[in-house]
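First to last, the protein sequences are chains A and B. Residue numbering for the first sequence follows full-length UniProt numbering, starting at 1 and increasing by one per position. Residue numbering for the second sequence follows full-length UniProt numbering, starting at 1 and increasing by one per position. No residue lacks a Cβ here, since even glycine has one placed at the ideal position from N, Cα and C. Model, not experiment: these values are computed from the prediction. A short worksheet on the structure shown next.
Protein chains: 2
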Amino acid sequence: MAEQAPTTLGGLGEFGAVALFTKGLSAHPGVFLGPGDDAAVLEGAGRLVVSTDTMVEGVHFRRDWSTGLETGRKAVAAAGADVEAMGADPWTLLISLSAPADLPLTWLRFFHQGVLEECERSGFGLVGGDTTRSRDVTVAVTVVGRLDGEPVTRAGARPGDVVALRGRLGWAAAGLAVLARGFRSPRAAVAAQLAPEVPWGAGRQARLAGATAMVDVSDGLLADLGHVARASGVAVDLDAGAFEVAPVLATVAQATGRDPMDFVLTGGEDHALAATFATGAVPEGWTPVGRVQQPGPDGPRVTVDGAVREGGQGHDHFG
Amino acid sequence: MAEQAPTTLGGLGEFGAVALFTKGLSAHPGVFLGPGDDAAVLEGAGRLVVSTDTMVEGVHFRRDWSTGLETGRKAVAAAGADVEAMGADPWTLLISLSAPADLPLTWLRFFHQGVLEECERSGFGLVGGDTTRSRDVTVAVTVVGRLDGEPVTRAGARPGDVVALRGRLGWAAAGLAVLARGFRSPRAAVAAQLAPEVPWGAGRQARLAGATAMVDVSDGLLADLGHVARASGVAVDLDAGAFEVAPVLATVAQATGRDPMDFVLTGGEDHALAATFATGAVPEGWTPVGRVQQPGPDGPRVTVDGAVREGGQGHDHFG
Numbered sequence: 001m002a003e004q005a006p007t008t009l010g011g012l013g014e015f016g017a018v019a020l021f022t023k024g025l026s027a028h029p030g031v032f033l034g035p036g037d038d039a040a041v042l043e044g045a046g047r048l049v050v051s052t053d054t055m056v057e058g059v060h061f062r063r064d065w066s067t068g069l070e071t072g073r074k075a076v077a078a079a080g081a082d083v084e085a086m087g088a089d090p091w092t093l094l095i096s097l098s099a100p101a102d103l104p105l106t107w108l109r110f111f112h113q114g115v116l117e118e119c120e121r122s123g124f125g126l127v128g129g130d131t132t133r134s135r136d137v138t139v140a141v142t143v144v145g146r147l148d149g150e151p152v153t154r155a156g157a158r159p160g161d162v163v164a165l166r167g168r169l170g171w172a173a174a175g176l177a178v179l180a181r182g183f184r185s186p187r188a189a190v191a192a193q194l195a196p197e198v199p200w201g202a203g204r205q206a207r208l209a210g211a212t213a214m215v216d217v218s219d220g221l222l223a224d225l226g227h228v229a230r231a232s233g234v235a236v237d238l239d240a241g242a243f244e245v246a247p248v249l250a251t252v253a254q255a256t257g258r259d260p261m262d263f264v265l266t267g268g269e270d271h272a273l274a275a276t277f278a279t280g281a282v283p284e285g286w287t288p289v290g291r292v293q294q295p296g297p298d299g300p301r302v303t304v305d306g307a308v309r310e311g312g313q314g315h316d317h318f319g
Numbered sequence: 001m002a003e004q005a006p007t008t009l010g011g012l013g014e015f016g017a018v019a020l021f022t023k024g025l026s027a028h029p030g031v032f033l034g035p036g037d038d039a040a041v042l043e044g045a046g047r048l049v050v051s052t053d054t055m056v057e058g059v060h061f062r063r064d065w066s067t068g069l070e071t072g073r074k075a076v077a078a079a080g081a082d083v084e085a086m087g088a089d090p091w092t093l094l095i096s097l098s099a100p101a102d103l104p105l106t107w108l109r110f111f112h113q114g115v116l117e118e119c120e121r122s123g124f125g126l127v128g129g130d131t132t133r134s135r136d137v138t139v140a141v142t143v144v145g146r147l148d149g150e151p152v153t154r155a156g157a158r159p160g161d162v163v164a165l166r167g168r169l170g171w172a173a174a175g176l177a178v179l180a181r182g183f184r185s186p187r188a189a190v191a192a193q194l195a196p197e198v199p200w201g202a203g204r205q206a207r208l209a210g211a212t213a214m215v216d217v218s219d220g221l222l223a224d225l226g227h228v229a230r231a232s233g234v235a236v237d238l239d240a241g242a243f244e245v246a247p248v249l250a251t252v253a254q255a256t257g258r259d260p261m262d263f264v265l266t267g268g269e270d271h272a273l274a275a276t277f278a279t280g281a282v283p284e285g286w287t288p289v290g291r292v293q294q295p296g297p298d299g300p301r302v303t304v305d306g307a308v309r310e311g312g313q314g315h316d317h318f319g
């Protein structure tokens with residue numbers, strides 16, 4: 001009897017899954033030893049940036065909404081954006097995949113392809129990972145970036161600086177609102193939820209332009225600028241009129257009875273970058289949207305047109 | 001009305017959990033910027049070793065068996081052993097914790113303490129992590145080691161080399177056999193299952209002694225030496241009489257109707273190190289247990305007293 005090819009992760013087995021992930025990986029700059037041993041070996045750069053980020057099925061993605069390809073792309077995008085947010089260059093990446101044994105191999109193959117595609121876009125090289133069994137698909141991604149200068153932290157914003165953005169805001173949140181109602185269009189919003197478009201390279205650009213503080217917008221602009229305000233001991237005031245609200249956001253807002261600015265100000269998961277610059281130093285492609293100010297009697301906070309915005313500032317995964 | 005202190009992870013919230021993990025972390029060598037920003041910043045060492053490892057509740061640990069303290073210790077031990085297995089020195093570590101909102105804060109606090117305790121034992125410094133929501137507690141640990149020389153891979157074993165071990169073998173498997181029957185003793189075996197004793201520093205020791213190949217025994221000695229045999233293109237023959245079978249293993253074997261050598265040869269999770277050395281180069285504290293040979297007509301494989309051992313060679317988490 002001919003041996004049947006496996007169709008699930010369980011059929012493939014743990015070592016087979018690792019082999020699938022390591023097959024055909026080409027050499028990546030600075031990687032002395034790639035996957036296949038106990039650990040990868042990297043030729044040390046001067047300064048490194050490391051971060052880890054986890055996506056859980058049913059919390060951050062749904063397999064009935066996202067393909068494996070989109071899930072792989074999103075996992076790299078969400079983790080990799082943190083390297084950009086320090087002003088560093090993407091370098092290497094490790095993936096830890098936990099999944100049920102009946103995970104279809106086609107899903108796994110597309111996931112792998114999505115990881116490689118986003119690695120290609122961003123400049124990360126996959127150097128390691130592991131797979132293990134779990135009830136829900138869980139993807140933990142660790143990213144390592146190289147930094148040939150000072151990191152851009154959240155703590156350097158100074159009163160008088162301009163707050164500027166690069167990348168989309170609100171698209172992923174609008175896509176989620178559409179999916180939650182059982183629709184798949186507008187497709188541009190849905191696609192943004194399933195796999196965000198990170199402005200790769202913008203972190204380095206901001207650092208070289210002298211950004212004083214920077215953050216990856218993963219929890220919503222108000223929440224993430226709140227981190228900058230507290231870390232820097234400043235206030236931030238945004239100018240609502242400075243934001244360009246894309247037509248797709250207006251469409252979804254109208255269909256769902258929401259204010260499009262809700263998506264823009266509190267929607268996470270687009271992984272735009274928000275940074276502060278001295279006046280006149282905002283680089284090309286960045287949109288000025290506000291000012292850094294001395295904190296008032298209420299301390300560090302984020303306001304829109306001088307007022308604290310009603311309702312939430314963003315989402316907390318445990319909220 | 002007085003605000004009640006939170007008692008669960010959900011009550012604490014995502015940012016509260018991060019704060020709990022980053023509070024009071026002292027400076028660690030080479031860490032330019034610790035937790036609290038988008039990513040940590042490390043001052044590059046010459047050569048780095050990176051690896052990631054995941055533990056899932058119900059698969060790798062059970063909360064009714066393991067305390068938070070033990071789970072934290074085991075997470076660091078299991079991941080950190082991969083750095084040792086390359087011959088590198090522990091340096092920094094990132095933890096990604098996914099857990100249900102009703103996770104008790106006491107568990108989380110003990111988990112954190114366990115992480116710090118094993119970091120202290122091993123030399124790792126915690127520099128980052130994230131927390132997110134999931135049905136089952138899932139801990140993904142990424143470890144970064146420093147290497148001031150050549151890595152000891154799985155591929156360098158040469159015919160004539162001695163195979164030697166450092167650390168325990170079979171204790172964790174014996175502990176699992178005890179727990180699976182509803183017992184909590186012998187306590188030494190149970191403790192080994194809940195939090196292994198990694199021979200920290202032995203990886204560097206082996207590298208400096210000229211180890212030609214090395215592997216972390218996480219899947220069972222036969223399975224892991226099988227990786228070495230295939231990567232090196234050699235055969236490995238173990239001498240059953242060379243293994244010291246601890247009394248606790250004999251006790252558990254008798255109580256569970258098993259052969260104690262099953263625990264020793266196929267039990268994983270103790271994170272002993274197995275390495276190959278030129279004759280005469282086996283360093284202090286290591287036990288010679290076999291020889292590397294030219295592969296026979298059956299190719300690279302692992303035998304015991306010249307014969308392939310009946311039954312499994314180790315465990316596959318998806319098997």
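- Taking a cut-off of 8 Å on C-beta distances, the region 228 to 242 of chain B touches the region 278 to 298 of chain B, as three or more cross pairs fall below it.
- Between V41/A and V198/B, the CB-CB gap reaches or exceeds 9 Å.
- Shortest Cα-Cα distance from H60/B to any of G203/B, G280/B, G268/B and E310/B involves G268/B.
- A straight line joining the alpha-carbon of L221/B with that of V264/B spans about 7 Å.
- Straight-line spacing of the CA atoms in A211/A and S232/A works out to 13 Å.
- The beta carbon of T276/A sits no closer than 9 Å to any beta carbon of chain B.
- Boundaries of the alpha helix (DSSP H) around A81/B: G68 to E84.
- Collapsing the DSSP output to three states places G290/A in a strand.
- Ranked by how close their Cα comes to the Cα of V137/B, the residues L108/B, V144/B and G306/B have L108/B in first place.
- In the DSSP assignment, L12/B forms no beta bridge with any residue.
- Around the C-beta of G203/B, 16 or more other C-beta atoms lie within 10 Å, and the residue is accordingly described as buried.
- Nearest neighbour of P100/B by Cα position, chosen from A255/B, R135/B, G170/B and T106/B, turns out to be R135/B.
- For the region 157 to 171 of chain A, the set of positions with a beta-carbon nearer than 7 Å to some beta-carbon of chain B is empty.
- With a cutoff of 9 Å on beta-carbon distance, A281/B and M214/B are scored as not near each other.
- When C-alpha distances from P90/B are compared across R133/B, G10/B and T142/B, the shortest belongs to T142/B.
- If only complete runs of 3 or more residues are kept, the region 192 to 256 of chain A shows the beta strand (DSSP E) at 213 to 217 and 235 to 238, in order along the chain.
- Using a 10 angstroms sphere on the CB of S51/A, the tally of other CB atoms reaches 16 or more, which defines it as buried.
- In terms of Cα proximity to R146/A, the closest of V139/A, E84/A, P247/A and A164/A is E84/A.
- At a beta-carbon threshold of 7 Å, none of the residues of chain A lie near D270/B; the nearest stands roughly 15 Å away.
- Your pair R62/B and V56/A does not check out as a contact, with CB atoms roughly 20 Å apart and the cut at 8 Å.
- Ranked by Cα distance from G296/A, the options P247/A, R230/A and A5/A are led by R230/A.
- One finds nothing in chain A with a Cβ atom closer than 7 Å to the Cβ of A202/B; even the nearest lies about 13 Å away.
- With 16 or more other Cβ atoms inside 10 Å of its own Cβ, G170/B counts as buried.
- Runs of the beta strand (DSSP E) lying entirely within the region 114 to 194 of chain A, each at least 3 residues long, are 125 to 133, 138 to 147 and 162 to 166 in chain order.
- Taking a beta-carbon distance threshold of 9 Å, H60/B counts as an interface residue toward chain A.
- With a 10 Å radius around the Cβ and a threshold of 16 neighbouring Cβ atoms, V228/B comes out buried.
- Just measuring C-alpha positions, the residue of A278/A, Q294/A and L273/A sitting nearest G285/A is L273/A.
- Straight-line measurement puts the Cα of V190/B at about 10 Å from the Cα of V252/B.
- T54/A: member of the beta strand (DSSP E) spanning R47 to V56, first to last residue.
- Taking 9 Å as the CB threshold, R135/B lines the interface with chain A.
- In this structure, A155/A sits away from F277/A, with a CB-CB distance that is not shorter than 9 Å.
- Cα atoms of F110/B and C119/B: separation of roughly 14 Å, rounded to the nearest angstrom.
- In the three-state reduction of the DSSP assignment, L97/B falls in the strand class, which pools E and B.
- Taking CB atoms only, A140/A has a neighbour in chain B less than 9 Å away.
- Secondary structure at L273/A: strand, using DSSP grouped into helix, strand and coil.
- Below the 8 Å Cβ cutoff, chain B contributes no neighbours of S232/A, its closest Cβ being approximately 12 Å away.
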